[in-house]
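The structure appears right after this line, and notes come after that.
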Amino acid sequence: MIDKWDSRFLELANSIATWSKDPSRGVGAVSVSPRRQVLATGYNGLPRGVEDHPDRLERPVKYDLTGHAEMNASIQCARNGRSPVGTT
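Each residue of the sequence shown is one higher than the one before, starting from 82 at the first, in the working numbering.
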């Protein structure tokens, strides 16, 4: 049986996935410390500073530009001065 906190964090990741502008796939991620503290969130999308132009969200261009949700959560940890090491 899944832990209630794990279930909550999965629900949060699913909600964050809706922030993605990718027309075919939205993915969300939540970096959670061993003490169940949310350190960062991320979703698949274009890097910060890159305009969300529709042409950049279509195949095959999006494959070269889009960052994975997990990578974006790790980058957000770094921006916040937190290490993602040990997070789930």
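The C-beta atom is built at its ideal place from N, Cα and C for all residues, glycine as well.
Reference residue i, options the options, closest by Cα
i: W100; options: N125, S112, R116; result: N125
i: R116; options: M152, N161, W86; result: W86
i: G130; options: V108, G148, Y144, R106; result: G148
i: I156; options: R106, P135, T122; result: T122
i: V108; options: D133, P135, A154, P165; result: A154
Cβ neighbours of residue i in the same chain (closer than 8 Å, five flanking residues each side left out)
i: S114; result: L120, G167, T168
Residue i, DSSP secondary structure in three states
i: L93; result: helix
i: L120; result: strand
i: V166; result: coil
i: S112; result: strand
Distance CB(residue i)-CB(residue j) smaller than 8 Å
i: D103; j: L146; result: no
Spatial distance of residue i from residue j (CA atoms)
i: R89; j: I83; result: 10 Å
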